[in-house]
Each structure stands twice: as C-alpha cells, then as structure tokens.
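Contents: one structure, followed by commentary.
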Amino acid sequence: MLAGSADVAAIFNLMPRRDIHVHWSAELPFGCVVAPDYALARSETVSLQEVVAHPIALQSKALMIRRYLDARYGWLFADPHKALVTNSLQLVKQLARGGSYVAFTSELDAAPEIIAGTLVFLPVRDKGAEPQTVSVAIDAKKPLSRIGRIVVDMLTNEIMASLQHARAAGRDAIK
-2 MLAGSADVAA
8 IFNLMPRRDI
18 HVHWSAELPF
28 GCVVAPDYAL
38 ARSETVSLQE
48 VVAHPIALQS
58 KALMIRRYLD
68 ARYGWLFADP
78 HKALVTNSLQ
88 LVKQLARGGS
98 YVAFTSELDA
108 APEIIAGTLV
118 FLPVRDKGAE
128 PQTVSVAIDA
138 KKPLSRIGRI
148 VVDMLTNEIM
158 ASLQHARAAG
168 RDAIK
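Numbering of the sequence shown is given in the working numbering, commencing with residue -2 and proceeding in unit increments.
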C-alpha cells in the first residue's frame, strides 16, 4: 500500500504508523478450529495444553499466523511428529474439517467453514493468549478517491458481516 500498489488494504496485526490511517479495526480472539464431531468441539474454550495433546495442522512461516504463534508460543511445536506444516490455509482448514487435526487460525480466516457448520472455532483461554487484529487501512499521505471510499466502506462491511455471521454460527453450535 505504501509503495503505491494499493489504495486500500485489509491487514492483520497492523502496527501503528503515522503514514497509515486505520479506517476500522477489530480484535480476533486467538483460537483454533476443529471439526464439529472432534472431541474438543464440545468445549466453549480450550487451553494450549489441551490443544497440544492433539495433532496440529500448522501454516508455514510464510503466513502471518505462524510467525505470531512462533513468537508467542514456540514451545507448542517442540514435538515435530504432532504437527503437519503447509503453506496452504485451505489445506490446514481441510485437515481440521477431516476430524484428525486441530488448526490455529482466526475466526475470520475460517468464517465460511464456521458459517457452514463444517468447523467450530474455539478461543484459547490461557492468560497470555493475546488477540490478533484485522484493520482496514489507507495511505494517510494520499487523498482517497470517491471510489476508494466506496471500496473502504464495502470492505469494512464485508469483514464485519463475515465476523458477525461466524460468531452467530459459533454461538448456535454451542447451544
């Protein structure tokens, strides 16, 4: 965006910067997804200790969530035999849907599957489990065109709606 290749961006874990204006931001609880019939799916929340007792499907270090996990919870991956690593978020979610793996991801990344009922999102309840954020941002040094404002509003509304639908589906799954 700052290089001029985009006027608007949806960014995970955006650090505050003077040259970026945040139009909208929301917290995304740190958590994991599992198949609805997976043993952990009956819980409203999970601890990291509970999760590491299960096979984990992990994103590669090329993806932001993995760098986040490594920086905060590197010990989770001490046993290489319990983790399958891929650079494909779709494969991670597919493995979780298959019922043999737990996958760390945001409820936004898995929103379509949560809404469809093929995955259940479980927030991690550990004290140090910090939420991620998603932000819709623009270059603060450039004026935004009328069409740019429309895109900002549409992108914000789409992300908000996706989160609301996923969270509603998650609440319905718990009932």
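Virtual Cβ for every residue (Gly too), placed ideally from N, Cα, C. The structure presented is a predicted model; accordingly, all values stated were derived computationally and were not measured.
> Would DSSP call ALA126 helix, strand or coil?
Replying inline: In the three-state DSSP reduction, ALA126 falls in the coil class, being neither helix nor strand.
>> I'd like to know whether the C-beta atoms of SER103 and ILE62 end up nearer to each other than 8 Å.
In response: The answer is yes: Cβ separation under 8 Å.
>> I need the boundaries of the alpha helix (DSSP H) containing LEU92, first residue and last residue.
In response: 86 to 94
>> Classify GLY71: buried if its beta carbon has 16 or more other beta carbons within 10 angstroms, exposed otherwise.
In response: By the beta-carbon neighbour count (other beta carbons within 10 angstroms, threshold 16), GLY71 is exposed.
>> Can you find the residues in the same chain that come closer than 7 Å, C-beta to C-beta, to VAL148, ignoring five residues on each side of it along the sequence?
In response: VAL5
> Do you know whose CA, among TYR35, ALA158, TRP21 and ALA165, lies nearest GLY95's CA?
Replying inline: TYR35
> Would the beta-carbon of VAL133 fall within 8 Å of that of ALA7?
Replying inline: yes
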